[in-house]
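*Asks:* Numbering (the numbering used here), first residue to last: 145 to 595.
My questions all concern the structure below.
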């Protein structure tokens with residue numbers, strides 16, 4: 145749904161709620177797609193959104209679809225004041241993985257009261273999923289899977305599919321042996337095209353791409369993307385099929401991870417970027433900015449220590465922002481590319497030297513162009529001084545090259561040490577480049593100009 149259509153829907157809902165036009169409101173709620181309705185309801189305050197959701201409870205399937213699409217961090221706003229008995233049918237309609245994600249975001253007492261009204265089978269499945277880390281394959285998998293014995297015939301498999309319409313099939317049929325061990329996979333197309341008497345073991349692909357329960361969700365998403373899968377089976381330590389991670393879950397993971405990395409690189413955590421109070425957001429973001437303040441003060445002290453040289457050649461001060469800015473920018477560019485490459489498994493953390501050399505080549509070209517432009521500016525601003533132009537352009541080249549190397553090395557070394565590269569390449573990286581950039585700038589200029 146486009147932004148304009150979303151805003152139109154939000155305005156229409158607000159107007160009808162204000163007027164108390166229940167009949168027209170119900171009509172819109174019935175006709176609007178669940179995903180679009182959830183997106184629009186996120187624009188309402190807690191009480192208003194809760195009122196709209198209460199109207200959806202008459203159709204538990206519809207309510208479940210909206211709840212699954214709603215921002216899980218705000219679900220408590222929708223259901224906090226509702227009777228758990230009303231929510232039971234809704235959670236029964238949810239996929240086990242969606243129900244587990246939503247319940248994990250709720251206060252413990254509310255979570256327990258909802259689990260108490262669910263069927264024993266559903267509550268057991270959901271609690272089992274909640275035991276796995278939220279960022280693992282086990283945390284995003286769906287246990288409503290469909291697996292068939294490899295000894296079955298194609299005819300028997302099709303009948304079994306028809307008798308289980310609610311199973312999470314997603315174009316693949318997974319084959320297991322008598323112990324429940326995953327032994328093969330075939331597509332629904334293959335199943336429909338083979339002779340009815342053909343056994344599954346004769347047509348299945350025994351080289352199944354699967355992921356363990358504890359694999360990080362980002363790596364799961366990478367595997368799904370690499371092999372163009374619509375779903376990937378999740379297995380335990382004994383290769384027994386326990387669930388599947390579907391492409392819709394993977395898309396959510398990619399969006400979450402991309403957002404998380406962007407926020408971390410900016411020194412912001414997700415909670416602070418959401419609907420916190422001004423004081424709450426400031427409390428989380430301030431430490432990172434104080435680190436930048438510390439780096440800035442360090443750079444100021446460095447500049448002050450070269451004051452005597454600035455008095456002799458005051459024009460040097462004019463180029464400090466350019467040198468620091470370009471050095472930091474090229475470092476951020478390099479680090480962003482490396483963080484993305486690491487996240488997508490496109491860069492091997494063990495191949496640090498090749499990565500550094502590759503980035504050095506690129507940064508050398510960029511630095512050369514920028515240095516020539518700045519050299520021309522320094523020549524004219526410095527009354528035709530070739531020495532000044534050479535000193536400023538050389539220092540800029542060195543600082544930019546160093547910034548690119550640091551921007552490449554820091555995230556890769558962080559990954560090798562088990563530290564999140566996105567965190568390590570935030571304000572701390574740019575602050576370090578600023579400090580070292582100022583030092584190299586003055587060191588080269590003072591030496592070159594023989595001050």
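Here a beta-carbon is modelled for each residue, glycine too, at the ideal position from N, C-alpha and C.
Quick caveat: nothing in here was measured; it's all calculated off a predicted structure.
Shortest alpha-carbon distance to residue 466 belongs to which of 576, 585, 491?
*Replies:* The sequence position of residue 466 within the chain shown is 322, counting from 1. Among 576, 585, 491, the Cα nearest to that of residue 466 is on 585.
*Asks:* Around the Cβ of residue 155, are there at least 16 other Cβ atoms within 10 angstroms (buried) or fewer (exposed)?
*Replies:* One-based indexing of the chain shown puts residue 155 at position 11. By the 10 Å Cβ count, residue 155 comes out exposed.
*Asks:* My output table needs one value for residue 334: the three-state DSSP class, helix, strand or coil.
*Replies:* The residue you call residue 334 lines up with position 190 of the chain shown. Helix at residue 334.
*Asks:* By Cβ distance below 7 angstroms, which residues in the same chain neighbour residue 559 in space, the five residues on each side in sequence not counted?
*Replies:* Taking the first residue of the chain shown as position 1, residue 559 is located at position 415. 486, 493, 565.
*Asks:* Return the first residue and the last residue of the beta strand (DSSP E) that residue 453 is part of.
*Replies:* Here residue 453 is taken as the residue at index 309 of the chain shown, counted from 1. Note, residue 453: premise wrong, no beta strand (DSSP E); alpha helix (DSSP H) at 451 to 456.
*Asks:* How many Å lie between residue 205 and residue 227 at the Cα?
*Replies:* By 1-based counting over the chain shown, the position of residue 205 is 61. By 1-based counting over the chain shown, the position of residue 227 is 83. Going from the Cα of residue 205 to the Cα of residue 227 covers about 17 angstroms.
*Asks:* Can you give the beta carbon distance from residue 476 to residue 593, rounded, assuming they're within the 8 angstroms contact cut?
*Replies:* As a first step, residue 476 must be located in the chain shown, where it is residue number 332. As a first step, residue 593 must be located in the chain shown, where it is residue number 449. Not a contact, Cβ separation roughly 30 angstroms.
*Asks:* Do the region 279 to 291 and the region 373 to 390 meet, that is, are 3 or more Cβ pairs less than 8 angstroms apart?
*Replies:* Contact between the region 279 to 291 and the region 373 to 390 is present, because at least three Cβ pairs lie under 8 angstroms.
*Asks:* Are the CB atoms of residue 258 and residue 231 within a distance shorter than 8 angstroms?
*Replies:* Numbered from 1 along the chain shown, position 87 holds the residue referred to as residue 231. Numbered from 1 along the chain shown, position 114 holds the residue referred to as residue 258. In this structure, residue 258 lies closer than 8 angstroms to residue 231 by Cβ.
*Asks:* Going by Cα to Cα distance, which pick from 359, 309, 213 is closest to residue 180?
*Replies:* Counting from 1 along the chain shown, the entry for residue 180 is found at position 36. Of the candidates 359, 309, 213, the one whose C-alpha sits nearest the C-alpha of residue 180 is 213.
*Asks:* For the candidate residues 201, 254, 243, 235, whose alpha-carbon lies nearest to that of residue 220?
*Replies:* Within the chain shown, residue 220 is the residue found at index 76, counting from 1. The shortest Cα separation from residue 220 among 201, 254, 243, 235 belongs to 254.
*Asks:* Can you tell me whether residue 388 is helix, strand or coil according to DSSP?
*Replies:* Taking the chain shown and counting its residues from 1, one reaches residue 388 at position 244. Of the three classes helix, strand and coil, the one that applies to residue 388 here is strand, per DSSP.
*Asks:* Would you tell me roughly how many angstroms separate the C-alpha atoms of residue 340 and residue 328, rounded to the nearest one?
*Replies:* Residue mapping note: residue 340 aligns to position 196 of the chain shown, counting from 1. Residue mapping note: residue 328 aligns to position 184 of the chain shown, counting from 1. Straight-line Cα distance between these residues: approximately 18 angstroms.
*Asks:* Specify whether the region 320 to 335 and the region 365 to 382 touch according to this definition: at least 3 beta carbon pairs, one from each stretch, less than 8 angstroms apart.
*Replies:* These segments touch.
*Asks:* How would you call residue 361, buried or exposed, if buried means at least 16 neighbouring beta carbons within 10 angstroms?
*Replies:* Here the question's residue 361 lines up with position 217 in the chain shown. Residue 361 is buried by the Cβ-count criterion.
*Asks:* Just confirm the distance between the C-beta atoms of residue 297 and residue 343, as a whole number of angstroms; I'd bet it's less than 8 angstroms.
*Replies:* Numbered from its first residue, the chain shown carries residue 297 at position 153. Numbered from its first residue, the chain shown carries residue 343 at position 199. 6 angstroms between Cβ atoms; contact.
*Asks:* When the Cα atoms are used, what is the spatial distance from residue 247 to residue 537?
*Replies:* Translated into the one-based positions of the chain shown, residue 247 becomes position 103. Translated into the one-based positions of the chain shown, residue 537 becomes position 393. So the alpha carbons of these two residues sit roughly 59 angstroms apart.
*Asks:* Can you give me the C-alpha to C-alpha distance between residue 470 and residue 574, rounded to a whole angstrom?
*Replies:* In the chain shown, the residue the question calls residue 470 occupies position 326. In the chain shown, the residue the question calls residue 574 occupies position 430. Going by the C-alpha atoms only, they are around 11 angstroms apart.
*Asks:* Excluding the 5 residues preceding and the 5 following residue 438 in the sequence, name in chain order all residues of the same chain whose CB lies nearer than 8 angstroms to its CB.
*Replies:* The residue given as residue 438 occupies position 294 in the chain shown. Result list for residue 438: 575, in chain order.
*Asks:* Counting C-beta neighbours from all protein chains within 10 Å, is the total for residue 555 16 or more, i.e. buried, or is it exposed?
*Replies:* Taking the chain shown and counting its residues from 1, one reaches residue 555 at position 411. So residue 555 counts as buried.
*Asks:* Taking the alpha-carbon of residue 541 as reference, which of 589, 193, 529, 496 has the nearest alpha-carbon?
*Replies:* Here the question's residue 541 lines up with position 397 in the chain shown. Checked all of 589, 193, 529, 496; the closest Cα to residue 541 is 589.
*Asks:* What does a CB cutoff of less than 6 angstroms around residue 197 pick up in its chain, not counting 5 residues either side in sequence?
*Replies:* Within the chain shown, numbered from 1, the residue matching residue 197 stands at position 53. Once the five neighbours on either side are set aside, the close Cβ partners of residue 197 are 222.
*Asks:* When the distance is taken between beta carbons, is residue 504 closer than 8 angstroms to residue 548?
*Replies:* Reading the chain shown from its first residue, position 404 is the one you call residue 548. Reading the chain shown from its first residue, position 360 is the one you call residue 504. Yes; because the gap between Cβ atoms is below 8 angstroms, this pair is in contact.
*Asks:* Relative to the C-alpha of residue 315, which residue among 306, 304, 331 is closest?
*Replies:* Against the chain shown, residue 315 aligns to sequence position 171. Nearest of 306, 304, 331 to residue 315, Cα basis: 331.
*Asks:* Based on DSSP bridge pairs, tell me the residues matched to residue 280.
*Replies:* As a working mapping, residue 280 is identified with position 136 in the chain shown. Answer is 360.
*Asks:* Secondary structure at residue 381, three-state DSSP: helix, strand or coil?
*Replies:* Residue 381 sits at position 237 when you count from the first residue of the chain shown. Three-state DSSP puts residue 381 in coil, outside helix and strand.
*Asks:* Got a sec? Which residues, its chain only, sit under 6 angstroms from residue 415 by beta carbon, not counting five neighbours each side?
*Replies:* Residue numbering aside, residue 415 sits at position 271 when the chain shown is read from its first letter. In this prediction, residue 415 has a pLDDT of 48, which is less than 50 and means its spatial position is unreliable; what the coordinates show is noted afterwards. Excluding sequence neighbours, residue 415 sits near nothing in its chain.
*Asks:* Would you check if the distance between the CB atom of residue 459 and the CB atom of residue 532 is smaller than 8 angstroms?
*Replies:* For the purposes of this step, residue 459 is taken as residue 315 along the chain shown, with counting starting at 1. For the purposes of this step, residue 532 is taken as residue 388 along the chain shown, with counting starting at 1. Their beta carbons are under 8 angstroms apart, which means residue 459 touches residue 532 by this criterion.
*Asks:* For the alpha helix (DSSP H) that residue 241 lies in, which residues bound it at each end?
*Replies:* Working through the chain shown from its first residue, we reach residue 241 at position 97. Residues 240 to 248.
*Asks:* In this structure, does DSSP put residue 164 in helix, strand or coil?
*Replies:* In the chain shown, residue 164 corresponds to position 20, counting from 1. Three-state result, residue 164: coil.
*Asks:* Considering only the alpha carbon of each residue, which of 249, 280, 426, 243 lies closest to residue 262?
*Replies:* Within the chain shown, the letter at position 118 stands for residue 262. Cα-wise, what sits closest to residue 262 is 243.
*Asks:* As a quick exercise: from 483, 513, 433, 562, pick the residue whose alpha carbon is nearest that of residue 550.
*Replies:* By 1-based counting over the chain shown, the position of residue 550 is 406. Here the closest residue by C-alpha is 483.
*Asks:* Please report how far the alpha carbon of residue 355 lies from the alpha carbon of residue 479, in whole angstroms.
*Replies:* Position 211 of the chain shown, counted from the start, is the residue given in the question as residue 355. Position 335 of the chain shown, counted from the start, is the residue given in the question as residue 479. Taking the straight line joining both Cα atoms gives about 29 angstroms.
*Asks:* Looking only at DSSP bridge pairs, what is residue 320 linked to?
*Replies:* Within the chain shown, the letter at position 176 stands for residue 320. DSSP lists 293, 326 as partners of residue 320.
*Asks:* With 16 other CB atoms within 10 Å as the buried threshold, where does residue 372 fall?
*Replies:* As a first step, residue 372 is located in the chain shown; it is residue number 228 there, counting from the start. Exposed is the call here.
*Asks:* Do residue 218 and residue 186 have their CB atoms nearer than 8 angstroms?
*Replies:* As a position in the chain shown, residue 218 is number 74, starting the count at 1. As a position in the chain shown, residue 186 is number 42, starting the count at 1. Taking 8 angstroms as the Cβ cut-off, residue 218 and residue 186 qualify as a contacting pair.
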